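Student: Counting the sequence shown from 1 gives a position; the numbering used here is that position plus 6.
Where a beta carbon is used, it is the ideal one built from N, C-alpha and C, also for glycine.
Quick caveat, the model's predicted, so the values are computed rather than measured.
Okay, here's the structure, questions in a sec.
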Amino acid sequence: MLSHLTIQHFAIVQFLELEFHQGMTTITGETGAGKSIAIDALGLCLGDRADANMIRVGTEQAEVNARFTLNDTPHAKSWLKKNDLEDSPSDNAECLLRRIITKEGRSRAYINGTPVPLSQLKSLGQLLVNIHGQHAHQSLLKNDIQLSVVDEYAGHHLLLQKVKDTYQGWHFLNKQLKQQQLNQQEKQASKQLLEYQIEELDAFALAEDEFQEIEQEHKRLANSGALLTMCQISLSQLSEGEEFDALSLLRKTVSALEHQVDNDPSLRAILESLQEAIIPIEDASYELRHFSDNLELDPEHFQQLETRMSEALSLARKHQVQPEFLFEHHQKLNKEYQALNDCNAQIEQLIIDLEEAELNYFQQANKLSQSRFRYSKKLSKKITASIQQLNMEEGIFEVSLTQASRNTLSPLGIDSIEFKVATNAGQPLQDLGKVASGGELSRIGLAIQVIISQRVSTPTLIFDEVDAGISGATATVVGKSLRSLGENTQIFCVTHLPQVAGNGHQQMFVNKQSDGKTTNTTMFKLNPEDRISELARLLGGDRITEHTLANAQELLVQ
């Protein structure tokens, strides 16, 4: 529960330090005094949005500190432990929330002295305090709020989370499938072009490195005549000349030297060199003869090479690649085509996964729906009994649920909801927004809030002028109902009704003071005598008589 609240330089508050207790605390004050200012400040510690306009004029920053005892708050203690933010592991653990706002609009948040992001502050705040605003009954006309009322009453947190999780899984797959189908449509034209290009290249069937080999052989065959002539001339000059050739001349020279070497031994080295030179010339002649004998002069084969090379060049120009890279281009197109086929396979698998995810979603959604139908009947009876106590004696309330089409998936489940009411005997049940007046809607909203509050585990509940539009005997019933709720829960109730204020276990008074230059709001606890005076003021306004004091005394529940 909330035990201490310190407010500094917030709005028209200069400094305020408050101590709170268990039970129902009512907060009253004159119109415009700022009865909700402490609640607004507390909201900052619970993760509400900050604004530089919240800072008191003439100051640099606003600061709010809220201390909570966690004796009966296991969920909050578990959250702190999980996030390594617990103050101490003792049974009397406390939690301090702190929020600072600077005039530049920046905000800092702390949990037990540790800086934290605002999301963590908000997450913890939801486990500590539940605030019901004065316009909460207006939101009851919205379908999602109506569903949340049923879910809160039934405690559907786990069931609802499973539905949300399965919906997110389905939604993700559905988004992927639509994107893949869109990609497939966009690539359909590309696929048709690829099919044509690949068929063309498949028919040509150029092997790896084949073009380079064709090019080389074509060049050789194109020049085979000149090569043959060159070989014949070279052979004639080397060794096969009719009149003379290099090898014959060399041999004659060797023979001549052999006859003279005995006359002059110094010629032997020259002779040996020439003898050795004969061998490579003979080898070269042999190789040249072999090359000449094997040189093809096949016009038909040359024409075949010419045709294939011409086709390769033509395909290369068509595909805008160099002919030597035509084979690699062919392989690349095959891979692209395979990727498009893989896309089809992915789509087929996504369809299967999506159907499975949808089935899983409806299994969880049906469980939630069945539970909602059971609790809706109970809730209808409770709200009917409550509004009848709130001066709607003939009122009947019904939570009407129907299942939506299976074509509609929602993170909130498959149920369509409608709050219906009949405010007078003999009238048919109709939509809440069409039948209930402002005052009736306010009473119905209050009845729902009280019933839901009895079911939630939040240790502190705040009702900020939720009794607007209520008076007389109805206000008395509301006050008693809230006091009963406060027997086991800490309740704060900002009110202008003496019947409600008198039911508080304690009462706080908000006062606004001004010296003409500055304004300051204060808030303090009233003793029993001051409570009677305040209740009398609420009853009779500025004119307090013995009669209004006596009535105030009767309203004060001891």
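Could you tell me if Q496 is buried or exposed, where buried requires 16 or more neighbouring beta carbons within 10 angstroms of its beta carbon?
Tutor: Residue mapping note: residue 496 aligns to position 490 of the sequence shown, counting from 1. Buried is the call here.
Student: Taking 9 Å as the cut-off, decide whether the C-beta atoms of G175 and A428 are in contact.
Tutor: Numbered from 1 along the sequence shown, position 169 holds the residue referred to as residue 175. Numbered from 1 along the sequence shown, position 422 holds the residue referred to as residue 428. No, these two residues do not count as a Cβ contact at 9 Å.
Student: Could you check whether L280 and V260 sit closer than 9 Å to each other, using their CB atoms as the reference points?
Tutor: Translated into the one-based positions of the sequence shown, residue 260 becomes position 254. Translated into the one-based positions of the sequence shown, residue 280 becomes position 274. Taking 9 Å as the Cβ cut-off, V260 and L280 qualify as a contacting pair.
Student: With a threshold of 8 Å, are at least 3 pairs of Cβ atoms found where one atom belongs to the stretch 123-141 and the other to the stretch 451-466?
Tutor: Verdict: yes, contact present.
Student: Below 9 Å between beta carbons: does that hold for F16 and E92?
Tutor: Taking the sequence shown and counting its residues from 1, one reaches residue 16 at position 10. Taking the sequence shown and counting its residues from 1, one reaches residue 92 at position 86. Not in contact: F16 and E92 (Cβ atoms no closer than 9 Å).
Student: Taking the alpha-carbon of E471 as reference, which of S154, K258, V500, K388 has the nearest alpha-carbon?
Tutor: Taking the sequence shown and counting its residues from 1, one reaches residue 471 at position 465. Nearest of S154, K258, V500, K388 to E471, Cα basis: V500.
Student: In the DSSP output, which residue or residues are listed as bridge partners for I497?
Tutor: Numbered from 1 along the sequence shown, position 491 holds the residue referred to as residue 497. In DSSP, I497 forms a bridge with M30, L467.
Student: Which word fits I454, buried or exposed, when buried means at least 16 other C-beta atoms lie within 10 angstroms of its C-beta?
Tutor: The count along the sequence shown starts at 1 and reaches residue 454 at position 448. By the 10 Å Cβ count, I454 comes out buried.
Student: List in chain order: all unbroken alpha helix (DSSP H) runs of 4+ residues lying wholly within the stretch 243-324.
Tutor: The qualifying runs are 252-266, 274-300.
Student: Using the Cβ count rule (16 or more neighbours within 10 Å means buried), how would you classify S125?
Tutor: On the sequence shown, residue 125 is found 119 positions in, with the first residue counted as 1. It counts as exposed.
Student: T12 bridges to which residues according to DSSP?
Tutor: Residue mapping note: residue 12 aligns to position 6 of the sequence shown, counting from 1. Beta-bridge pairing links T12 to E23, N71.
Student: Per DSSP, what kind of secondary structure is T390 in: helix, strand or coil?
Tutor: Locating residue 390 in the sequence shown gives position 384, where the first residue counts as 1. Residue state, collapsed to three classes: helix.
Student: In whole angstroms, what separates the C-alpha of S242 from that of H325?
Tutor: Reading the sequence shown from its first residue, position 236 is the one you call residue 242. Reading the sequence shown from its first residue, position 319 is the one you call residue 325. S242 and H325: Cα-Cα distance of roughly 50 Å.
Student: Is the stretch 503-516 close to the stretch 24-34, with three or more CB pairs under 8 Å?
Tutor: Contact holds: three or more Cβ-Cβ distances are below 8 Å.
Student: Mapping DSSP to helix, strand and coil, what is V122?
Tutor: The sequence position of residue 122 within the sequence shown is 116, counting from 1. Looking at V122 - three-state DSSP - the assignment turns out to be strand.
Student: Can you tell me which of the three DSSP states K518 falls into?
Tutor: Looking up residue 518 in the sequence shown gives position 512. Looking at K518 - three-state DSSP - the assignment turns out to be strand.
Student: Going by DSSP, what residue range makes up the beta strand (DSSP E) through E426?
Tutor: Counted from its first residue, the sequence shown places residue 426 at position 420. Position check: residue 426 holds Lys in this sequence, whereas Glu was assumed. Here the beta strand (DSSP E) through K426 covers 421-428.
Student: Quick check on K41: buried or exposed, where buried means 16 or more other Cβ atoms within 10 Å of its Cβ?
Tutor: Position 35 of the sequence shown holds residue 41. Buried is the call here.
Student: Does the separation of the CB atoms of I450 and L438 fall below 9 Å?
Tutor: Within the sequence shown, numbered from 1, the residue matching residue 450 stands at position 444. Within the sequence shown, numbered from 1, the residue matching residue 438 stands at position 432. Yes. Within cutoff.
Student: Quick one: what's F403 bridged to in DSSP?
Tutor: Translated into the one-based positions of the sequence shown, residue 403 becomes position 397. For F403, which the question treats as bridged, DSSP gives the partners V427.
Student: What's the C-alpha gap between I43 and E100?
Tutor: For the purposes of this step, residue 43 is taken as residue 37 along the sequence shown, with counting starting at 1. For the purposes of this step, residue 100 is taken as residue 94 along the sequence shown, with counting starting at 1. Rounded to the nearest angstrom, the two C-alpha atoms are 24 Å apart.
Student: In this structure, does DSSP put Q328 in helix, strand or coil?
Tutor: Mapped onto the sequence shown, residue 328 falls at position 322. Residue state, collapsed to three classes: coil.
Student: Look up I151 in the DSSP assignment and say whether it is helix, strand or coil.
Tutor: Residue mapping note: residue 151 aligns to position 145 of the sequence shown, counting from 1. I151: helix per DSSP, three-state reduction.
Student: To the nearest angstrom, how far is the alpha carbon of L2 from that of A371?
Tutor: Since the first residue shown for the chain is 7 and the last is 564, residue 2 is missing from the structure and cannot be characterised.
Student: Assuming L418 and L153 form a contact by the criterion Cβ under 8 Å, report the distance between their Cβ atoms to the nearest whole angstrom.
Tutor: Taking the sequence shown and counting its residues from 1, one reaches residue 418 at position 412. Taking the sequence shown and counting its residues from 1, one reaches residue 153 at position 147. The Cβ separation is near 6 Å, so the contact holds.
Student: Quick one: using the 10 Å Cβ neighbour count with 16 as the cut-off for buried, is I389 buried or exposed?
Tutor: Your numbering for residue 389 matches position 383 in the sequence shown. Counting Cβ neighbours within 10 Å, I389 comes out buried, since at least 16 surround it.
Student: Among the candidates Q238, L11, V267, whose CA atom is the shortest distance from the CA of Y292?
Tutor: As a working note, residue 292 is residue 286 in the sequence shown. When each option's Cα is compared against that of Y292, the closest is Q238.
Student: Between S477 and E400, what straight-line distance do the alpha-carbon atoms span, to the nearest angstrom?
Tutor: Taking the sequence shown and counting its residues from 1, one reaches residue 477 at position 471. Taking the sequence shown and counting its residues from 1, one reaches residue 400 at position 394. Answer to the nearest angstrom: the Cα atoms are 18 Å apart.
Student: Can you grab the Cα-Cα spacing for the pair N118 / F368, in whole Å?
Tutor: Within the sequence shown, residue 118 is the residue found at index 112, counting from 1. Within the sequence shown, residue 368 is the residue found at index 362, counting from 1. The straight-line gap from Cα to Cα measures roughly 43 Å.
Student: Alpha carbon to alpha carbon, how far is D473 from L503? Give it in angstroms, no decimals.
Tutor: Numbered from 1 along the sequence shown, position 497 holds the residue referred to as residue 503. Numbered from 1 along the sequence shown, position 467 holds the residue referred to as residue 473. In a straight line, the C-alpha of L503 is about 8 Å away from that of D473.
Student: Find the nearest neighbour of Q355 within the set E493, A322, T480, Q187, judged by alpha-carbon distance.
Tutor: For the purposes of this step, residue 355 is taken as the residue at position 349 of the sequence shown. Nearest option by C-alpha distance: Q187.
Student: Can you have a look at R55 and say buried or exposed, based on whether 16 or more other CB atoms are within 10 angstroms of its CB?
Tutor: Walking along the sequence shown from the start, residue 55 turns up at place 49. Classification of R55: exposed, given that the 10 Å Cβ count is below 16.
Student: Using the Cα positions of D208 and E221, report the straight-line distance between them to the nearest angstrom.
Tutor: As a working mapping, residue 208 is identified with position 202 in the sequence shown. As a working mapping, residue 221 is identified with position 215 in the sequence shown. If you take the alpha carbons of D208 and E221, they lie about 20 Å apart.
Student: Would you check if there are 3 or more beta carbon pairs closer than 8 Å linking the stretch 168-183 to the stretch 334-344?
Tutor: No contact exists between the stretch 168-183 and the stretch 334-344.
Student: What does the alpha-carbon distance come out to for the pair T45 and L541?
Tutor: The count along the sequence shown starts at 1 and reaches residue 45 at position 39. The count along the sequence shown starts at 1 and reaches residue 541 at position 535. Checking the displayed sequence, the identity of residue 45 turns out to be Ile instead of Thr. The alpha-carbon atoms of I45 and L541 are separated by roughly 21 Å.
Student: For H138, write down the residues that DSSP places opposite it in a beta bridge.
Tutor: The residue labelled residue 138 in the question sits at position 132 within the sequence shown. DSSP, once it has assigned bridges, lists F469 as partnering H138.
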